[in-house]
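In the numbering used here, the protein residues as written are 341 to 460.
Have a look at this one:
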């Protein structure tokens with residue numbers, strides 16, 4: 341599909357690096373539609389996400405169908421990061437805030453997304 345040479349600057353750095361990435365196109369399926377996304381290919385996005393045991397979900401968010409599982413007996417690999425260029429197509433606009441408003445749930449076409457700090 342092509343190649344792209346973006347400037348990549350990591351957290352805490354002023355220096356950007358340039359590397360050529362392949363561009364791919366793929367579809368992500370929701371319950372009602374397929375959404376086509378163009379993405380850059382990299383062998384590693386980030387280290388696996390840590391295991392979260394005994395996660396405390398606030399009462400306001402209990403029972404929501406989450407887009408991804410939160411708990412796992414082993415670390416979870418990150419396969420895709422969806423950026424702001426597609427974010428608006430994927431969220432519905434519904435938001436549920438917890439009592440202290442630190443942790444919120446945002447409804448997406450894949451299920452609910454949690455955003456904010458969680459107690460483990």
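Think of the CB as a built atom: it goes at the ideal place given N, C-alpha and C, for glycine as much as any other residue.
| So what does DSSP say about residue 443, is it helix, strand or coil? | As a first step, residue 443 must be located in the chain shown, where it is residue number 103. If DSSP states are grouped into helix, strand and coil, residue 443 belongs with coil.
| Which residues in the same chain have their Cβ closer than 8 Å to the Cβ of residue 358, if we skip the five residues on either side of it in sequence? | Here residue 358 refers to the residue found at position 18 when the chain shown is read from its first residue. Result list for residue 358: 345, 346, 347 and 348, in chain order.
| Spatial neighbours of residue 381 in its chain, beta-carbon cut-off 8 Å, leaving aside the 5 residues before and after | Looking up residue 381 in the chain shown gives position 41. Hits under 8 Å: 361, 362, 363 and 364.
| message | Can you tell me where the beta strand (DSSP E) holding residue 425 begins and where it ends? | response | Sequence index remark: in the chain shown, residue 425 carries index 85 (1-based). No beta strand (DSSP E) contains residue 425, which is instead part of the alpha helix (DSSP H) from 424-430.
| message | Which residues does DSSP list as the beta-bridge partners of residue 357? | response | As a first step, residue 357 is located in the chain shown; it is residue number 17 there, counting from the start. Residue 357 pairs with 348.
| Between residue 413 and residue 388, what straight-line distance do the alpha-carbon atoms span, to the nearest angstrom? | By one-based count along the chain shown, residue 413 stands at place 73. By one-based count along the chain shown, residue 388 stands at place 48. Distance between the alpha carbons of residue 413 and residue 388 is about 13 Å.
| said: Report the CB separation of residue 456 from residue 443 in whole angstroms; it is logged as a contact under 8 Å. | reply: Taking the chain shown and counting its residues from 1, the one referred to as residue 456 is at position 116. Taking the chain shown and counting its residues from 1, the one referred to as residue 443 is at position 103. The Cβ separation is near 4 Å, so the contact holds.
| How about residue 407 and residue 438: are their beta carbons less than 7 Å apart? | Working through the chain shown from its first residue, we reach residue 407 at position 67. Working through the chain shown from its first residue, we reach residue 438 at position 98. In this structure, residue 438 does not lie closer than 7 Å to residue 407 by Cβ.
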